[in-house]
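Asks: Residue numbers (UniProt numbering): 1 to 325.
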Amino acid sequence: LGTASPAPAATPADAAETSPRPNSSSTAPPPAPMAVSPYLSLGWGDPPAPATVMAATGVRWFSLAFVLSSGACEPRWDGYRPLKGGVDARTVAAVRVAGGDVVPSFGGGGGDKLEEKCPDAASLAGAYRKVIDAYGLKAIDIDLEGSAYRSAETQRRTLDALARLKKADPGLVVYVTVPSYRTGPDSSLIDRAAEAEVEPDAWSVMPFSFVPSAKGEDMGRISTRAVDGLKERLASAYGYTDTEAYAHSGISSMNGITGEGETITVRDFRTVAAHARKHGLGRLAFWSVNRDRPCGGRPYPAEDACSGVAQRPWEYTKTLAQHGR
């Protein structure tokens with residue numbers, strides 16, 4: 001997770017036509033609680049039981065991380081766990097029984113990305129569709145980082161695949177998560193999306209793990225400044241009003257100590273939640289629920305199990321669930 005250099009400008013390819021799906025499971029708008037969907041990783045450390053987190057915090061949606069390539073254009077959880085019959089499918093079922101739902105996230109900071117392994121937009125859209133159909137999804141998140149974000153070719157392929165999905169299933173909610181500078185993201189992917197008439201329901205910036213590090217700085221203020229920069233880029237690219245641009249903007253943060261030594265506190269999350277409420281942001285997320293616990297006697301970094309800062313269990317999640325949107 002971190003920042004990325006702008007990709008060179010290029011003209012987006014036209015999205016190919018796809019026949020609509022008349023029996024789509026995603027025809028109705030999603031409920032507002034989908035906007036708050038912290039990341040939960042089932043292949044990392046000691047993942048908590050989502051029903052426990054839901055009961056303690058009021059959160060109802062989780063961004064499940066991450067759907068990757070198994071080595072070709074074939075989706076697997078973390079690149080190796082099957083879509084059906086494993087812990088991920090059981091977790092989806094458990095969240096739904098508890099009254100919530102999930103937003104699978106494709107990509108992330110490591111592993112082989114479908115966006116890079118699939119040879120063209122049609123096959124990438126097909127890989128996305130396999131996951132959507134496996135769980136009857138209402139929403140997905142595309143988390144483009146590193147080489148996948150920096151590549152103009154990968155950006156175009158991803159956007160063309162999303163155009164195919166949206167044409168076939170207009171009710172599907174699509175989030176796109178991108179790296180950020182302190183002042184917001186570069187405009188490469190946003191401009192390509194607008195030119196190709198691809199309109200995600202919300203874009204999220206990741207305002208942390210900066211190079212150079214923002215260690216010792218006010219991460220709440222940096223986060224709000226970054227999403228304000230995102231709003232400006234969306235308004236410029238799509239012709240949105242400020243209200244419309246904020247509604248298509250979001251923050252995907254990190255709780256506790258980041259990989260670059262920054263500290264994002266619960267107070268910073270309160271700042272983010274207040275900004276989200278004031279401007280009607282379209283999405284709030286963070287990495288991750290796995291970390292939303294005090295370390296206790298464990299020495300930090302035990303980053304797959306705790307935040308590294310003084311906190312109550314699930315305090316970051318509760319802050320966004322109660323005060324976000």
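From the three backbone atoms N, C-alpha and C, an ideal C-beta is built for every residue, glycine too.
Fully enclosed by the segment 155–185, which beta strand (DSSP E) runs are 3 residues long or longer?
Replies: 173–179
Asks: Can you tell me the Cα-Cα spacing of glycine 229 and serine 151, whole angstroms?
Replies: 22 angstroms
Asks: Please check the pair aspartate 112 and glycine 146, which I expect to be a contact at CB under 8 angstroms, by giving their CB distance rounded to whole angstroms.
Replies: Rounded, the Cβ-Cβ distance is 12 angstroms, inconsistent with contact.
Asks: Tyrosine 128 lies in the alpha helix (DSSP H); which residues open and close that run?
Replies: 121–135
Asks: In terms of residues, what are the limits of the alpha helix (DSSP H) holding leucine 234?
Replies: 219–238
Asks: Taking the beta strand (DSSP E) that leucine 42 falls in, what are its first and last residues?
Replies: No beta strand (DSSP E) contains leucine 42, which DSSP labels as neither H nor E.
Asks: Is the number of C-beta pairs between the segment 164–174 and the segment 231–239 that are closer than 8 angstroms three or more?
Replies: no
Asks: Just list the residues that DSSP pairs leucine 320 with in beta bridges.
Replies: According to DSSP, leucine 320 bridges with nothing at all.
Asks: With a cut-off of 8 angstroms on the beta carbons, I'd call proline 207 and serine 249 a contact; round off their distance for me.
Replies: About 12 angstroms; that fails the 8 angstroms criterion.
Asks: From which residue to which residue does the alpha helix (DSSP H) around alanine 202 run?
Replies: No alpha helix (DSSP H) holds alanine 202; the beta strand (DSSP E) holding it covers 202–206.
Asks: Using a Cβ-Cβ cutoff of less than 8 angstroms, which residues in the same chain neighbour serine 25 once the five nearest sequence positions on both sides are dropped?
Replies: Confidence in serine 25 is poor, its pLDDT being 35 and thus under 50, which makes the residue's placement unreliable; the coordinate value appears in the next sentence. Once the five neighbours on either side are set aside, the close Cβ partners of serine 25 are Gly136, Leu137, Lys138.
Asks: What residues are listed by DSSP as bridge partners for phenylalanine 62?
Replies: Under DSSP, phenylalanine 62 forms a beta bridge with Val102.
Asks: Just to confirm my understanding: we take aspartate 268, look at its own chain, exclude 5 residues before and 5 after, and list those with CB closer than 6 angstroms. What are they?
Replies: Answer for aspartate 268: Met219, Gly220, listed in chain order.
Asks: Given a cut-off of 8 angstroms, decide if proline 38 and leucine 320 are closer than it, judged by their beta-carbon atoms.
Replies: yes
Asks: May I have the straight-line CA-CA distance separating serine 209 from serine 63, to the nearest angstrom?
Replies: 20 angstroms
Asks: For the putative contact between alanine 161 and alanine 125, defined by C-beta atoms under 8 angstroms, what is the C-beta separation to the nearest angstrom?
Replies: Between alanine 125 and alanine 161 the Cβ distance is about 4 angstroms, and since that is below 8 angstroms, they are a contact.
Asks: Where alanine 305 and glycine 239 are concerned, what is the direct C-alpha to C-alpha distance, given to the nearest angstrom?
Replies: Between alanine 305 and glycine 239, the C-alpha separation is close to 42 angstroms.
Asks: How many Å lie between alanine 276 and valine 59 at the Cα?
Replies: 16 angstroms
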